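Number of protein chains: 2
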Amino acid sequence: MTISFDPTNLRALAFDVFGTVVDWRSSIIREGRMLSAAKGLQVDWPAFADAWRAGYAPAMDRTRGAGDVWADIDTLHRQILDELVPRFGLGALSEAELVQLNRVWHRLMPWPDSVGGLNRLRGRYPISTLSNGNVSLLVDMARNAGLPWDCVLSGELIHRYKPDPEVYLMAARLLGCAPHELMLVAAHPSDLRGAQACGLRTAYVHRALEFGPDAPPRPARPEGFDLVAGDFLDLARQLGT
Amino acid sequence: MTISFDPTNLRALAFDVFGTVVDWRSSIIREGRMLSAAKGLQVDWPAFADAWRAGYAPAMDRTRGAGDVWADIDTLHRQILDELVPRFGLGALSEAELVQLNRVWHRLMPWPDSVGGLNRLRGRYPISTLSNGNVSLLVDMARNAGLPWDCVLSGELIHRYKPDPEVYLMAARLLGCAPHELMLVAAHPSDLRGAQACGLRTAYVHRALEFGPDAPPRPARPEGFDLVAGDFLDLARQLGT
């Protein structure tokens with residue numbers, strides 16, 4: 001039996017971005033291969049992309065220590081990249097090329113349904129990012145990819161990273177919603193559970209290829225969230241938009 | 242002799258909103274007259290609009306005291322509105338009608354050139370609000386009026402109001418700019434001087450009718466700013482967008 005979600009009190013949607021809206025892995029591999037073609041580098045770009053992303057959670061954890069140790073994602077991505085340079089044979093890249101490579105996160109491409117789905121959802125609900133990416137990264141990405149955000153919200157605004165509860169509660173407050181009037185849309189159960197613990201509504205979107213075609217499969221329909229969708233167009237259909 | 246502004250280092254534009262992008266006075270008068278027509282009220286709506294706006298600066302000043310006395314613009318607008326109810330003969334309005342009237346600030350209409358000009362400027366530069374209006378107000382307004390912001394920034398994010406310097410510096414930081422790479426666009430010299438003191442570039446836009454056709458004229462071309470424009474289309478032309 002399916003218990004259908006009642007969207008009566010829903011007033012806004014907030015979206016996780018990396019992996020949920022944009023396909024970071026394919027984007028990094030593609031730009032890496034363009035760099036290989038231009039520079040004659042031999043690099044395992046899929047492994048590089050996975051390693052870069054794998055450094056992300058530990059890097060954020062380091063910002064949760066005592067004192068003012070918070071740093072934005074551009075800075076964390078660069079720290080991780082610097083560790084990967086010797087490991088992946090990128091020593092021939094100049095500083096300008098490393099800066100440019102680090103900004104690939106500002107140019108990530110959306111999943112095929114993202115722009116169309118967001119435009120449909122936006123017809124009824126204000127749509128906002130709720131990302132650990134910094135604001136300028138999210139603005140650049142939206143302009144590059146045509147993501148029609150009504151608002152760009154980031155953990156940067158309070159120097160916290162999801163799943164810290166302050167980030168979800170900040171989003172509700174700034175969007176003028178009670179927590180239960182805001183829904184987080186994400187491809188990651190841990191993020192959704194963080195939102196749920198703050199009283200937000202949750203929609204899981206299944207991004208089967210986020211970690212590539214050879215990654216262990218993730219459940220397409222995890223339990224415990226208000227909605228489960230195959231993509232943003234399916235989410236729009238379920239919300240009647 | 243005209244010294245032309247060199248936009249080489251310009252990377253983003255931030256806009257004052259009330260009066261610069263939207264015509265608060267005509268919008269309030271229009272909604273007031275609709276309320277009069279529906280309810281049979283006799284109200285001097287132009288005087289009401291001017292009184293509401295005149296309460297704004299003193300209300301913000303009260304939030305600059307010691308302790309955590311900051312309140313958002315929706316709250317300040319309501320405090321001022323409550324003072325105007327007896328003075329303007331609005332005692333017949335219900336609480337729901339007062340809530341609706343207070344939200345007229347979420348529905349302000351743009352000046353005739355605003356949407357077209359913003360779309361042109363946005364082709365080259367990221368465009369953001371930098372307003373004392375709260376985020377949800379700005380999001381509602383943008384959705385209602387078709388304002389194509391790349392980012393919604395507000396003094397609310399740091400619980401400060403312009404012209405406090407922290408607000409301008411926050412905008413540069415969040416947009417990933419040095420202060421001199423960001424330009425504030427505003428119809429108010431005091432706002433522009435606040436930005437200038439923080440190192441931002443400044444564009445004055447002349448909104449001759451902001452305070453109505455009978456208000457004392459303002460200088461069309463004040464001294465001391467990087468650019469002076471007749472409207473947003475003129476600004477777009479001067480910036481080559």
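Just so you know, the protein sequences line up as chains S and C, in that order.
When the first sequence is numbered by my numbering, its final residue is 241 and no position is left out of the sequence of numbers.
When the second sequence is numbered by my numbering, its final residue is 482 and no position is left out of the sequence of numbers.
Think of the CB as a built atom: it goes at the ideal place given N, C-alpha and C, for glycine as much as any other residue.
Note that the structure is predicted; figures quoted are calculated from it, not measured.
Interface residues of the region 408-422 of chain C facing chain S [CB-CB below 7 Å]
Leu415, Leu416 and Gly417
Segment limits, alpha helix (DSSP H) that includes C:Ser431
Pro430 to Ala438
Verify whether the separation of the beta carbon atoms of S:Thr8 and S:Ala187 is less than 8 Å. no
- So, does the CB of C:Ser377 fall closer than 8 Å to a CB anywhere in chain S? yes
- Quick one: Cα of S:Gly240 to Cα of S:Asp44, how far? 43 Å
Does S:Ala236 come within less than 8 Å of chain C when only Cβ atoms are used? no
So which residues of chain C does S:Leu41 contact, with C-beta pairs closer than 7 Å? The premise fails here: S:Leu41 is roughly 28 Å from chain C at the closest Cβ pair, so nothing lies under 7 Å.
Under 8 Å between the Cβ atoms of C:Leu474 and C:Gly387?
-> no
Item to complete: Could you check what DSSP says for S:Phe15 in three-state terms: helix, strand or coil?
Response: strand
For S:Met1, collect the residues of the same chain with a Cβ closer than 6 Å to its Cβ; drop the 5 residues on either side in sequence, then sort them by chain order.
-> Caution applies to S:Met1, whose pLDDT of 43 falls short of 50 and renders its modelled position unreliable; the model cannot decide the point.
request  = Give the single residue among S:Leu10, S:Asp6, S:Phe5 and S:Val17 whose Cα lies nearest to the Cα of S:Trp149.
outcome  = S:Val17
Hey, how far is the Cα of C:Pro283 from the Cα of C:Ala300? Here residue 283 of chain C is Gln; the residue named in the question, Pro, does not match the sequence. Approximately 27 Å between the Cα atoms of the pair.
| Since C:Pro367 meets chain S, which of its residues come closer than 7 Å, beta carbon to beta carbon? | Val139 and Arg143
| query | For the alpha helix (DSSP H) that C:Arg442 lies in, which residues bound it at each end? | reply | From DSSP, C:Arg442 is part of no alpha helix (DSSP H) but of the beta strand (DSSP E) over Arg442 to Val446.
Item to check | Beta-bridge partners of S:Met183, as assigned by DSSP | outcome: S:Leu13 and S:Arg201
Strictly below 8 Å CB to CB, what residues from chain B border C:Val393? The question asks about chain B, but that chain is absent: this structure's protein chains are S and C.
Discussion item. Assuming C:Trp352 and C:Asp455 are in contact, meaning their beta carbons sit under 8 Å apart, how far apart are those beta carbons, in whole angstroms?
Written reply: Not really, about 19 Å apart at Cβ, beyond 8 Å.
ask   = What's the gap between the Cα of C:Thr443 and the Cα of S:Glu31?
value = 37 Å
Going by other Cβ atoms of all chains shown within 10 Å of its Cβ, with 16 needed for buried, is C:Cys418 buried or exposed? buried
Q) On the three-state DSSP scale, how would you describe C:Ser395? A) strand
Exercise for review: Have a look at S:Arg64 and C:Phe329 and give me their C-alpha separation to the nearest angstrom.
Suggested key: 53 Å
Quiz item: Which of helix, strand or coil does DSSP assign to C:Ala312?
Solution: coil
- Can you give the Cα-Cα distance for S:Asp82 and S:Leu174, rounded to whole angstroms? 35 Å
> When DSSP labels each residue in this structure, what does S:Ala92 get in the three-state scheme?
Replying inline: coil
Handout entry: Beta-carbon separation (whole angstroms), S:Val139 vs S:Val152, contact threshold 8 Å
Key = 6 Å
Quick check: is the beta carbon of C:Leu480 nearer than 8 Å to any beta carbon in chain S? no
Through-space distance from S:Asn102 to S:Leu137, alpha-carbon basis: 11 Å
Residue of C:Pro406, C:Pro460 and C:Gly453 minimising C-alpha distance to C:Arg434: C:Pro406
Query - Opposing strand residues paired with C:Ile368 [DSSP bridges] - result: C:Leu254
Next item on the list: Just the C-alpha distance for C:Ala449 and C:Ser245, rounded to the nearest angstrom, thanks.
Entry: 24 Å
Item checked: Limits of the alpha helix (DSSP H) - the one that S:Ala145 falls within -> Val135 to Ala145
- Task: Can you have a look at S:Glu210 and say buried or exposed, based on whether 16 or more other CB atoms are within 10 angstroms of its CB?
- Result: buried
* **Interface residues of chain C facing S:Leu118 [CB-CB closer than 9 Å]** => Simply none; closest approach about 14 Å.
Report task. Starting from S:Ala229, follow its DSSP beta bridges and name the residues at the other end. Result -> S:Val205
- Message: Using only CA atoms, which one of C:Val426, C:His447, C:Pro457 and C:Ala413 lies nearest to C:Cys439?
- Response: C:Ala413
For this session: Compile a chain-ordered list of the residues in the region 395-407 of chain C whose CB is closer than 8 Å to at least one CB of chain S.
Result: Glu397 and Leu398
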